[in-house]
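A.B. asks: So that we are looking at the same thing, I have put the structure below in structure tokens.
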Ligand SMILES: Nc1nc2c(ncn2[C@@H]2O[C@H](COP(=O)(O)OP(=O)(O)O)[C@@H](O)[C@H]2O)c(=O)[nH]1
Ligand SMILES: [Mg+2]
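Residue numbers (the numbering used here): 130 to 789.
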């Protein structure tokens, strides 16, 4: 018995996404054929396709050392390798955060390791990821699971250094021996060899866009604030792993408070607790009921201690699940209870992810398609008018043609004026938009960051951090309020331009494209809360660690910068496209009028070919109709929901203790 249901759901999601990619590619072809293609649109389509192809669903495994996080990953994702793929056997624990994914741009399987010494530099892990040279690169041989497993064993590697060196790397503040006395600088200690690991290989799950983040215990989480400030918030789901044999310890609680509470605040779903190693409670001398009862009791206690709903706590055995799946022992797999956790994960994450893709990518593409469709419809209407004009022409005298010529010329003048007034509106809008851009400029953020840095006066301490963060977030929130006001002004202008256009052109029904920065304001607020939570929890329990504080500040700035970058991009995008629907309509109409005028002139010279002209116009109208038909089909595809699959097959999460 394998985890078919989980696989099928992930696969269904991957299929839905690739259908989406197909429809968007068709749209680009359609734009080329209809001649409606414009470079800005093509660029947007290209970017959208890139985003979709690189889009990932990240599942993070968080918990103290040795709770079985890596064993869980092996059991859930890699049992078909018929072995322990990632090192999770006794005495070999993950020493650095590890990401597993499929890199569509680099299909050659690899493992990249960032040396621990890179902590000396100011660059964040995210920044290091942009530059492959800083990483140790290992080619993976996916035809041989044993060779892969041996490469992966690198993530457990440690090295021996002098205590002073470990302190310099910010890995320890004060190093004590087993008796609690401080070690002298020259004493030797063990530290992780690597700071971060990236593993890329074409596993079916990973190929569908799933990514896994495996983390080491409390120390690393505390030492690398980027994990909490940047990486965890970006994950769709987090699995907090506890062990039944240890119960909820103090350091488990520390991790929960510092790293997962904010995750829970920002994610409606997607946080589950795995109470692992329930096999340690299996006892041949106890009845099944007694065992179930003790497991149930521990789940209830855990849910109370953490303050999370009992149905989100899953009593599982990663180890028995892995063995069961490797050896096809159905009884053991069932007893491991992994499937119920997997089901809840896929039932929650995938629809949620679908919604995100829908709200962002699909909304944009849908808008572009609708816009092109309306241009095409206005072409079609103009064509119909031309057909009417010419149909009524045969047998009419010269005067009639003259009158029509006059009328068309008048219509043309009106459209000319429209185009001119649109052009001047465009300039006014561009002024307003520039004002918005100045407010959200990245350079302005950078100088706010510097101000905050200065306000800390080089004191990388708890208090320094507190005032630095306050300075920074106050400045950012002032900018955001200013930007919101400017956006409101700009939106008002856009609405009035559309209204005027609509009044002058009765058959136009395009809706104004407005901009909003609300989601960015929310994200800044979430970042502030995450940072506050991290700051207060870390410093209430840890001594002053200037190193960690520096790293914390860097992570914070890096997330804020990313947000600003995206905001600027969206604002640019909008600025370019806010009036496009109107401009395109005017262009299409002008073209058809010119065409009609030419035809009328020719008809004035010779009336023989009027029937031919009408039949040509009808043919052209048919082609336009076919284009409308095609775009309607694409619209249906992108708006259809992810196919119903096994997702509703929910399993109960109570457990049956079937002993092996
Ligand atoms: N009995 C038992 N041991 C487990 C289970 N899962 C993991 N372990 C053991 O716990 C130790 C730590 O596992 P590992 O996955 O490396 O923990 P991590 O540090 O949280 O990633 C290893 O010796 C595993 O064999 C389980 O479900 N039952
Ligand atoms: Mg591990």
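Backbone N, C-alpha and C define an ideal beta-carbon position, used for all residues, glycine too.
A quick note: this is a predicted structure, and the numbers were derived from the prediction, not measured.
Using a strict less-than 5 Å threshold between each residue's beta carbon and the heavy atoms of ligand 2, what residues do you get?
C.D. replies: 198, 199 and 223
A.B. asks: By a C-beta neighbour count over all protein chains shown, 10 Å radius and 16 as the cutoff for buried, is residue 784 buried or exposed?
C.D. replies: Confidence at residue 784 is low in this model, with a pLDDT of 39, below 50, so its placement is unreliable and no value can be given for it.
A.B. asks: Do you know whose CA, among 433, 515 and 396, lies nearest residue 536's CA?
C.D. replies: 515
A.B. asks: In the DSSP output, which residue or residues are listed as bridge partners for residue 377?
C.D. replies: DSSP, once it has assigned bridges, lists no residue as partnering residue 377.
A.B. asks: What are the boundary residues of the beta strand (DSSP E) that includes residue 358?
C.D. replies: From DSSP, residue 358 is part of no beta strand (DSSP E); its letter is neither H nor E.
A.B. asks: Distance, Cα to Cα, residue 480 vs residue 447?
C.D. replies: Their Cα atoms are separated by approximately 26 Å.
A.B. asks: What is the DSSP secondary structure of residue 329, reduced to helix, strand or coil?
C.D. replies: strand
A.B. asks: Using 10 angstroms around the beta-carbon of residue 452, count the other beta-carbons present and answer buried if the total reaches 16, otherwise exposed.
C.D. replies: buried
A.B. asks: Output yes or no for whether 8 Å exceeds the beta carbon distance between residue 800 and residue 630.
C.D. replies: This structure cannot settle anything about residue 800, because the visible part of the chain is limited to 130 through 789.
A.B. asks: Following a CB-centred definition, is residue 453 positioned closer than 7 Å to any heavy atom of ligand 1?
C.D. replies: no
A.B. asks: Less than 6 Å between C-beta atoms, sequence neighbours within five positions excluded: which residues of the same chain meet that for residue 646?
C.D. replies: 612, 613 and 616
A.B. asks: So which of 772, 250 and 503 has the shortest CA-CA distance to residue 676?
C.D. replies: The shortest CA-to-CA distance from residue 676 to any of 772, 250 and 503 is the one to 250.
A.B. asks: Rank 316, 230 and 292 by C-alpha distance to the C-alpha of residue 207 and give the top, closest one.
C.D. replies: 230
A.B. asks: Can you look up residue 509 in the DSSP assignment and give me helix, strand or coil?
C.D. replies: helix
A.B. asks: With 16 other CB atoms within 10 Å as the buried threshold, where does residue 562 fall?
C.D. replies: buried
A.B. asks: From 243, 155, 238 and 273, pick the residue whose C-alpha is nearest to that of residue 210; which is it?
C.D. replies: 273
A.B. asks: Below 8 Å on the Cβ atoms is my guess for residue 298 versus residue 245; work out the distance and round it to an integer in Å.
C.D. replies: 6 Å
A.B. asks: Can you name, in chain order, every residue of its own chain whose Cβ lies under 6 Å from the Cβ of residue 766, other than the five neighbours on each side?
C.D. replies: Taking residue 766 as the centre and dropping the five residues before and after it, the same chain places the C-beta of 152 closer than 6 Å to its C-beta, in chain order.
A.B. asks: Residue ranges of each alpha helix (DSSP H) run of no fewer than 4 residues wholly in the segment 388-474, ordered along the chain?
C.D. replies: 390-395, 417-435, 447-455 and 459-465
A.B. asks: If I'm right that residue 660 touches residue 685 with Cβ under 8 Å, what's the distance once you round it to whole angstroms?
C.D. replies: 5 Å
A.B. asks: Check whether the Cβ atoms of residue 369 and residue 410 lie closer than 8 Å to each other.
C.D. replies: no
A.B. asks: Answer with buried or exposed for residue 271, where buried requires no fewer than 16 other C-beta atoms within 10 angstroms of its C-beta.
C.D. replies: exposed
A.B. asks: Can you find a heavy atom of ligand 1 that lies under 7 Å from the Cβ of residue 567?
C.D. replies: no
A.B. asks: Confirm the yes/no value for this check: CB of residue 408, any heavy atom of ligand 1, distance under 7 Å.
C.D. replies: With a cut-off of 7 Å, the C-beta of residue 408 is classified as near ligand 1, since at least one heavy atom of the ligand falls inside that distance.
A.B. asks: Taking contact to mean 3 or more Cβ pairs, one atom from each stretch, closer than 8 Å, check whether the segment 195-204 and the segment 371-391 are in contact.
C.D. replies: A contact exists between the segment 195-204 and the segment 371-391.
A.B. asks: With distances taken between CB atoms, is the gap from residue 184 to residue 338 smaller than 8 Å?
C.D. replies: yes
A.B. asks: In whole angstroms, what separates the C-alpha of residue 235 from that of residue 176?
C.D. replies: As the crow flies, the alpha-carbon of residue 235 is around 18 Å from that of residue 176.
A.B. asks: Drop a sphere of 10 angstroms on the beta-carbon of residue 174, count the other beta-carbons inside from all chains shown, and report buried for 16 or more, exposed for fewer.
C.D. replies: Result: buried.
A.B. asks: Could you tell me the boundaries of the beta strand (DSSP E) in which residue 229 lies?
C.D. replies: 227-230
A.B. asks: Using alpha carbons as the reference points, say which of 750, 560 and 762 lies closest to residue 498.
C.D. replies: The option with the nearest alpha carbon to residue 498 is 762.
A.B. asks: Just confirm the distance between the C-beta atoms of residue 732 and residue 530, as a whole number of angstroms; I'd bet it's less than 8 Å.
C.D. replies: 6 Å
A.B. asks: Evaluate residue 670 with the Cβ neighbour count: other Cβ atoms within 10 Å of its Cβ, from every protein chain shown; 16 or more gives buried, anything less gives exposed.
C.D. replies: Low confidence applies here, because residue 670 scores a pLDDT of 45, under 50, leaving its location unreliable; read the following figure in that light. Looking at its Cβ environment, which holds fewer than 16 other Cβ atoms inside 10 Å, residue 670 is exposed.
A.B. asks: Need the endpoints of the alpha helix (DSSP H) that residue 277 sits in, please.
C.D. replies: 274-281
A.B. asks: Measure the Cβ-Cβ separation of residue 569 and residue 691 and say whether it is below 8 Å.
C.D. replies: For residue 569 and residue 691, no; Cβs fall outside 8 Å.
A.B. asks: Near residue 565, what residues of its chain come up, given a Cβ to Cβ distance below 7 Å and the 5 sequence neighbours on each side ignored?
C.D. replies: 612, 615, 616, 619 and 700
A.B. asks: Does the distance from the C-beta atom of residue 191 to that of residue 467 stay below 8 Å?
C.D. replies: no
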